[in-house]
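In UniProt numbering, the protein residues as written are 1 to 202.
Even for Gly, the Cβ is constructed at its ideal location relative to N, Cα and C.
These figures come from a predicted structure and were not determined experimentally.
Below is one structure, written out as structure tokens; comments come after it.
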């Protein structure tokens, strides 16, 4: 296995690393949230995949592009170095609760300008009831909601940023199809014993 020795970094890379590490409270970038909201609002008559595509195209056309003078590999996800873009289509509940106090979060604070706070307060209400998180909660049974309420099971990350938390077994999916996978899950559920540890991992 190749190991990177950090003492062999070039001066250029050391400077980039130092600049990144010294951003204690990264900024929040609202460009994506604004662009996606605009497109979703303008195309309510279209299916969600089409709205997503139009929103992405609009965002890529309108977003801030910046290249630092000595970068060899360029590209970024937000309007500033280390800025956190907002994804309102996944969830707005935590944003609405925490936006005014994000800078005060212990260990994970963000720098949020008054202008960005205003933008998020304008954008977030429109998304209520139509986020991925809202759809997930709408599909849960009362029993599942009760389990989530206990705090024993945490599913928020998968509901609010699930695309980055999936590793699909495509060969199995293509071999069995969705119905075949549903049958496999149903069969496994029918014989599982929740009181036996080995059964929970099998």
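State buried or exposed for residue i, treating a residue as buried only when at least 16 other CB atoms are found within 10 Å of its CB.
i: residue 120; result: buried
i: residue 34; result: buried
i: residue 131; result: buried
i: residue 88; result: buried
i: residue 193; result: exposed
i: residue 99; result: buried
i: residue 127; result: buried
i: residue 102; result: buried
i: residue 50; result: exposed
i: residue 133; result: buried
i: residue 185; result: exposed
Is residue i helix, strand or coil when you go by DSSP?
i: residue 161; result: coil
i: residue 85; result: strand
i: residue 27; result: strand
i: residue 95; result: helix
i: residue 72; result: coil
i: residue 195; result: coil
i: residue 40; result: helix
i: residue 185; result: helix
i: residue 101; result: helix
i: residue 77; result: coil
i: residue 33; result: helix
i: residue 45; result: coil
i: residue 2; result: coil
i: residue 154; result: coil
i: residue 174; result: helix
Starting from residue i, trace the alpha helix (DSSP H) both ways and give me its first and last residue.
i: residue 110; result: Where residue 110 is concerned, there is no enclosing alpha helix (DSSP H), given that its DSSP letter is neither H nor E.
i: residue 125; result: 114-127
i: residue 49; result: 48-62
i: residue 133; result: 132-139
i: residue 17; result: 11-21
i: residue 144; result: 142-150
Rounded C-beta distance between residue i and residue j? I'm assuming under 8 angstroms.
i: residue 136; j: residue 96; result: Residue 136 to residue 96, Cβ: 18 angstroms. No contact.
i: residue 27; j: residue 140; result: Contact flag wrong, Cβ pair sits at about 34 angstroms.
i: residue 79; j: residue 31; result: 5 angstroms
i: residue 81; j: residue 20; result: 7 angstroms
Open item on the list: Taking 8 angstroms as the cut-off, does the stretch 103-119 touch the stretch 61-69 (at least 3 CB pairs, one atom from each stretch)?
Closed with: Contact fails between the stretch 61-69 and the stretch 103-119, because fewer than three Cβ pairs, one in each stretch, are under 8 angstroms apart.
TODO: Inspect the CB distances between the stretch 77-92 and the stretch 36-47 and report whether three or more fall short of 8 angstroms.
DONE: Taking 8 angstroms as the limit for Cβ pairs, the verdict is that the stretch 36-47 does touch the stretch 77-92.
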